[in-house]
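Participant: If you're matching them up, the sequences are chains A and B in order.
The letter at position 109 of the first sequence is residue 112 when you use this note's numbering, and the numbering goes up by one with no holes.
The letter at position 138 of the second sequence is residue 141 when you use this note's numbering, and the numbering goes up by one with no holes.
The following block contains the structure, expressed as structure tokens.
Protein chains: 2
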Amino acid sequence: MTTPDAAAGSALGAAAARLRVAVPSVADRVAAELRLQLAEGLLLPGARLTESTIAEELGVSRNTVREAFAELAAERLVVRHPNRGVFVARLEAGDIHDVYTVRRAIEVSAIRGGGSPERVAAVRAAVEEGKAAAAANDEEGLGSANQHFHGAIVALAGSRRLDTIMSQVLAEMRLFFHKATVDAHFYRGYLPDNEEICTALEAGDLEQAGALLLAYLNRSEERQAAVHGE
Amino acid sequence: MTTPDAAAGSALGAAAARLRVAVPSVADRVAAELRLQLAEGLLLPGARLTESTIAEELGVSRNTVREAFAELAAERLVVRHPNRGVFVARLEAGDIHDVYTVRRAIEVSAIRGGGSPERVAAVRAAVEEGKAAAAANDEEGLGSANQHFHGAIVALAGSRRLDTIMSQVLAEMRLFFHKATVDAHFYRGYLPDNEEICTALEAGDLEQAGALLLAYLNRSEERQAAVHGE
DNA sequence: AATCGTCGGATTGTTGAACAATCCGTGAAA
DNA sequence: TTTCACGGATTGTTCAACAATCCGACGATT
Chain A
4 MTTPDAAAGS ALGAAAARLR VAVPSVADRV AAELRLQLAE GLLLPGARLT ESTIAEELGV
64 SRNTVREAFA ELAAERLVVR HPNRGVFVAR LEAGDIHDVY TVRRAIEVSA IRGGGSPERV
124 AAVRAAVEEG KAAAAANDEE GLGSANQHFH GAIVALAGSR RLDTIMSQVL AEMRLFFHKA
184 TVDAHFYRGY LPDNEEICTA LEAGDLEQAG ALLLAYLNRS EERQAAVHGE
Chain B
4 MTTPDAAAGS ALGAAAARLR VAVPSVADRV AAELRLQLAE GLLLPGARLT ESTIAEELGV
64 SRNTVREAFA ELAAERLVVR HPNRGVFVAR LEAGDIHDVY TVRRAIEVSA IRGGGSPERV
124 AAVRAAVEEG KAAAAANDEE GLGSANQHFH GAIVALAGSR RLDTIMSQVL AEMRLFFHKA
184 TVDAHFYRGY LPDNEEICTA LEAGDLEQAG ALLLAYLNRS EERQAAVHGE
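And the structure:
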């Protein structure tokens, strides 16, 4: 009944802040819910999100939905058209190239900087996760393993900012390319690439790892461009 | 179904969107005002921003201020502490390195990709702008010329996303390093570097330009780390 | 005197309602 | 067919209210 956290309060400022994040505001929860629906493909690009409808569905106020929209708009998952409403972001000409330009910049830079053994091990773990998913014919697991792989590469740099940029880019890609992930063998072909890149990384041949990763990203972009209306 | 608006819509879609941006919402204007005050150093890191106070000062509603805060928080210019308020972002240990990690990734990647002659010319223009400011002993102009220079480098890649990332990073740096810019000769020493980088870029020696830029960024980080509490 | 718990004021988080501004589609008029 | 005006619907913004939470001060206990 007495509050033991009161005593710990001043001493554990950082921890307390972290705990607070564990109790997100309603707006954050609404944003999380929408993010989930976006990732699941429940809300397709171009779809309109009406404030009152979502407010009613989730049992929150319109203002709160508005704040959630602001979050998602900042992440480019949603686009605001003034006085018209918010729409699920739609892939426009040049966006594929744009997204891959960002990925090339941060992923290649990260891998060329190398990383601590633990972080390299995380990359390896993602590769193994992909192999396991492939063995189990788990296509969805294969897709997320691939994202873990690239996330782990960026994490090599140990930069909070790069990590959030990457996670936002990946969220965008999940949204845009949801259709493509249904293709049963889409990711499977990338497994050898990941393996090769990881091996070079572990060997300390960062130049080579970077070159391989760059080539991979270029091929991936080409493929995505081909799948979508070019 | 015939779509009469399809013709007009697609033809003027971009222009209409641009026009709407020209009439920002109140929340956007509030955010812009606060951004300005942050850049001017009127609001120092750590300062608290009280919703009701700002709402009253700017003659808008608290909810609108809230939306503006969401924008700024997404840009990392401001930090939200749940139930406690929003505070001007404060530089914490590792943040300098973090920011420079992002800059190394996107600037070096951009310059190594080269760019169209117009974009290269924009880089050159920024260099000349800096020289002019130096000749006029315009320290403030020297600072902004330097930012234009690095912005122009990122713009080489022609990526909307990289551009916004860079502008956010620069905004963060303006906020954090405002004190340093007061140092009269802070930027002046960088002019020869910029010139050299630009020359290599114009000569098409992208490898060299990238290496020079990287070295510059490393030195700059070191210097900023020295100026600030290590 | 120092620490601990409690209380009250202040601020945030969230809601609900209201109204103006704007957009969209429909239908009438030229 | 094209243009124009109207009406419904949705957004943008404000206002007022209340619960939840935090912070500092005050007082009690050792």
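Ideal Cβ positions, reconstructed from N, Cα and C, are used throughout, including at glycine.
#1: Of the residues Arg-115/A, Thr-104/A, Gly-207/A, which one's Cα is nearest the Cα of Ser-162/B?
#2: May I have the straight-line CA-CA distance separating Thr-53/A from Phe-72/B, to the nearest angstrom?
#3: Is His-231/B closer than 8 Å to Ile-99/B when the C-beta atoms are compared?
#4: From Leu-159/A, Val-82/A, Val-81/A, pick the residue whose C-alpha is nearest to that of Gly-116/A; which is it?
#5: Measure the C-alpha to C-alpha separation of Ala-138/A and Gln-40/A and round it to an integer number of angstroms.
#6: What number of angstroms, rounded off, separates the C-alpha of Ala-96/B from the C-alpha of Asn-140/A?
#7: For the segment 109–197 of chain A, list the alpha helix (DSSP H) runs that are entirely contained and at least 4 residues long, ordered along the chain.
#8: Can you give me the Cβ contacts of Val-157/B inside the same chain, cut-off strictly under 7 Å, excluding the 5 residues immediately before and after it?
#9: Are there 16 or more other CB atoms within 10 angstroms of the CB of Asp-208/A, so buried, or fewer, so exposed?
#10: Nearest by alpha-carbon distance to Glu-224/B: which of Ala-129/B, Val-89/B, Glu-199/B, Tyr-193/B is it?
#11: Give the range of the beta strand (DSSP E) segment to which Gly-88/B is assigned.
#12: At a CB distance below 7 Å, what residues from the segment 151–168 of chain A approach chain B? Give them in sequence order.
#13: Hey, would you say Cys-201/B sits closer than 8 Å to Arg-106/B, going by beta carbons?
#14: Using CA atoms only, rank isn't needed, just tell me which of Glu-121/A, Glu-131/A, Val-29/A, Ala-203/A is closest to Ser-64/A.
#15: Does the Cβ-Cβ distance between Glu-74/B and Ala-34/B come in under 8 Å?
#16: Specify, as a first and last residue, the run of the beta strand (DSSP E) that Arg-83/A falls within.
#17: Does the distance from the CB of Glu-199/A to the CB of Leu-215/A come in under 8 Å?
#18: Assign Glu-59/B to buried or exposed, taking buried as 16 or more other Cβ atoms, counted over all protein chains shown, within 10 Å of its Cβ.
#19: Mind pulling the chain B residues with CB within less than 7 Å of Thr-104/A?
#20: Here's the rule I'm using: 16 or more other beta-carbon atoms within 10 Å means buried, otherwise exposed. How should Leu-37/A be labelled?
#21: For Gly-118/A, count the other beta carbons within 10 Å of its own beta carbon; 16 or more makes it buried, fewer makes it exposed. Which is it?
#22: Using only CA atoms, which one of Gly-49/B, Arg-191/B, Ala-92/B, Phe-152/B lies nearest to Leu-80/B?
#23: From what residue to what residue does the alpha helix (DSSP H) around Leu-46/B run?
#24: Leaving out the 5 sequence neighbours to the left and right, which residues in its chain are closer than 7 Å to Arg-51/B when beta-carbon positions are compared?
#25: Where Val-123/B and Gln-150/B are concerned, what is the direct C-alpha to C-alpha distance, given to the nearest angstrom?
#26: Would you mind sorting His-84/A into buried or exposed? The rule is 16 or more other CB atoms within 10 Å of its CB.
#27: On the criterion of 16 or more Cβ atoms from any shown chain inside 10 Å, does Asn-221/A qualify as buried, or is it exposed?
#28: I'd like to know whether the C-beta atoms of His-283/B and Gly-44/B end up nearer to each other than 8 Å.
#29: List, in order along the chain, the chain A residues whose C-beta lies closer than 8 Å to that of Ile-99/B?
#30: Less than 8 Å between the C-beta atoms of Phe-179/A and Leu-61/A, yes or no?
Facilitator: Let me lay it out:
#1: Thr-104/A
#2: 23 Å
#3: yes
#4: Leu-159/A
#5: 28 Å
#6: 45 Å
#7: 112–115, 120–138, 142–158, 163–179, 181–185
#8: Ile-109, Glu-110, Ala-113, Leu-165, Asp-166, Met-169
#9: exposed
#10: Tyr-193/B
#11: 88–91
#12: Ala-160, Ser-162, Arg-163, Arg-164, Leu-165, Ile-168
#13: no
#14: Val-29/A
#15: yes
#16: 81–84
#17: yes
#18: exposed
#19: Ala-160, Ser-162, Leu-165
#20: buried
#21: buried
#22: Ala-92/B
#23: No alpha helix (DSSP H) contains Leu-46/B, which DSSP labels as neither H nor E.
#24: Gly-88, Phe-90
#25: 15 Å
#26: exposed
#27: exposed
#28: Outside the shown range of chain B (4 to 233) lies residue 283/B, about which nothing can therefore be said.
#29: The premise fails here: Ile-99/B is roughly 11 Å from chain A at the closest Cβ pair, so nothing lies under 8 Å.
#30: no
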